[in-house]
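What follows is a single structure, written as structure tokens, with notes after it.
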Amino acid sequence: MDSTLSDTQTNGIASVWRSWKAAGDPEAKRKLIEHYVSLVDYVTSRLAIGLPRNVSKDDLASYGIMGLIDAVDKFDLERGLQFETYASWRIRGAIIDGLRQADWVPRSVREKARKIEEAYQRLEQQHLRSVTDGEISAYLQVSEQEFQQMVQEVSVASLVSLEDPIREEESETRMTLLVDERAKNPEDSVRDIYLKESLAKAIERLTEKERTVVSLFYFEELSLSEIAEVMSLSPSRISQLHSKAILRLRGHLGRAKEQLMQQ
Numbered sequence: 003m004d005s006t007l008s009d010t011q012t013n014g015i016a017s018v019w020r021s022w023k024a025a026g027d028p029e030a031k032r033k034l035i036e037h038y039v040s041l042v043d044y045v046t047s048r049l050a051i052g053l054p055r056n057v058s059k060d061d062l063a064s065y066g067i068m069g070l071i072d073a074v075d076k077f078d079l080e081r082g083l084q085f086e087t088y089a090s091w092r093i094r095g096a097i098i099d100g101l102r103q104a105d106w107v108p109r110s111v112r113e114k115a116r117k118i119e120e121a122y123q124r125l126e127q128q129h130l131r132s133v134t135d136g137e138i139s140a141y142l143q144v145s146e147q148e149f150q151q152m153v154q155e156v157s158v159a160s161l162v163s164l165e166d167p168i169r170e171e172e173s174e175t176r177m178t179l180l181v182d183e184r185a186k187n188p189e190d191s192v193r194d195i196y197l198k199e200s201l202a203k204a205i206e207r208l209t210e211k212e213r214t215v216v217s218l219f220y221f222e223e224l225s226l227s228e229i230a231e232v233m234s235l236s237p238s239r240i241s242q243l244h245s246k247a248i249l250r251l252r253g254h255l256g257r258a259k260e261q262l263m264q265q
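When we follow our numbering, the leftmost residue of the sequence shown carries the number 3, and every step to the right adds one.
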């Protein structure tokens, strides 16, 4: 995403930001939303690639606009963060929330995802390493071919897995741990450090290909189809690798959450 601005554009948008944040000028807010609306198109296009065809891109865009408005309202100019980065996460979160509320993932798919996640959680806790497809298949009492089919079926659900709330009463998600957010109090700071360390350990346990997919998708912001080209693999194979990575991470972070609640 090319968000580089000229000096003139930078100075101009900075003035609009000051008008909105200092004076609450609604016209300035409107200009900011219009200026950054391309972020919604960018995030929507990336997410739409891995979603079923029955999910309307217009619906995604509507959710995304709400996220952009929320980002403009809540962005803190004094923190020195790039608005584009902050807004992209807010937009993505709003889209994920909209999809979750619409309950677009069939119950049977959710159940399969839960079983695979539980298998990763139990076996990797038992072996203290990344477990193989064969070990997961044996635990689930299915063939490896059936397991691969299960992973393929839950691939669309795994796109939003890291966006699930860490705690039910909060909006903070697992992926926001990777974004520079200001801790509200010492307890939150300790919790966030612990969960970041847990996530880092979980990523280290992924296979090399799974780590590459996670890095390219979440950090380099490539789409799944672009990652397929980079890694010379089929899009369906990339989707499988992404799904396995997310299910492993969910299992590991699930254990971390349980340990955190016991403290």
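We put the beta carbon where it would ideally sit given N, CA and C, even for glycine.
Please report the distance separating the alpha-carbon of residue i from that of residue j.
i      : j      : result
Asp75  : Lys31  : 8 Å
Ser241 : Ser217 : 14 Å
Pro28  : Arg81  : 22 Å
Asp43  : Ala63  : 7 Å
Ser17  : Tyr88  : 19 Å
Leu1   : His37  : Shown here, the chain extends from 3 to 265; a query on residue 1 therefore has no answer.
Lys246 : Leu41  : 28 Å
Thr134 : Lys33  : 52 Å
Arg239 : Ile93  : 27 Å
Ser145 : Ser139 : 6 Å
Ser110 : Glu86  : 37 Å
Glu137 : Gln154 : 18 Å
Tyr220 : Arg112 : 22 Å
So residue i is in the alpha helix (DSSP H); what residue range does that whole segment cover?
i      : result
Asp135 : Asp135 to Leu142
Glu86  : Phe85 to Ala104
Pro1   : Outside the modelled stretch of the chain, which goes from 3 to 265, sits residue 1, for which no answer is possible.
Val215 : Glu210 to Val216
Val298 : Outside the displayed range of the chain (3 to 265) lies residue 298, so it cannot be described from this structure.
Val153 : Glu146 to Glu155
Tyr122 : Arg109 to His129
Using a C-beta cutoff of 8 Å, does residue i count as contacting chain B?
i      : result
Ile205 : Of the protein chains in this structure there is only one, and it is not chain B.
Comparing C-alpha positions only, which one of the options sits nearest to residue i?
i      : options                           : result
Trp91  : Ile71, Pro108, Ser200 and Ala202  : Ile71
Thr46  : Leu251, Glu146, Asp60 and Ser132  : Asp60
Arg252 : Ala140, Ile97, Ala24 and Lys117   : Lys117
His1   : Arg207, Phe221, Ile229 and Tyr220 : The requested residue 1 does not occur in the structure, where the chain is confined to residues 3 to 265.
Met68  : Ala204, Tyr220, Ile97 and Pro108  : Ile97
Trp19  : Gln84, Val57 and Ser58            : Gln84
Just to confirm, are residue i and residue j a CB contact at a threshold of 8 Å?
i      : j      : result
Tyr141 : Ala121 : yes
Leu243 : Lys211 : yes
Tyr65  : Gly100 : yes
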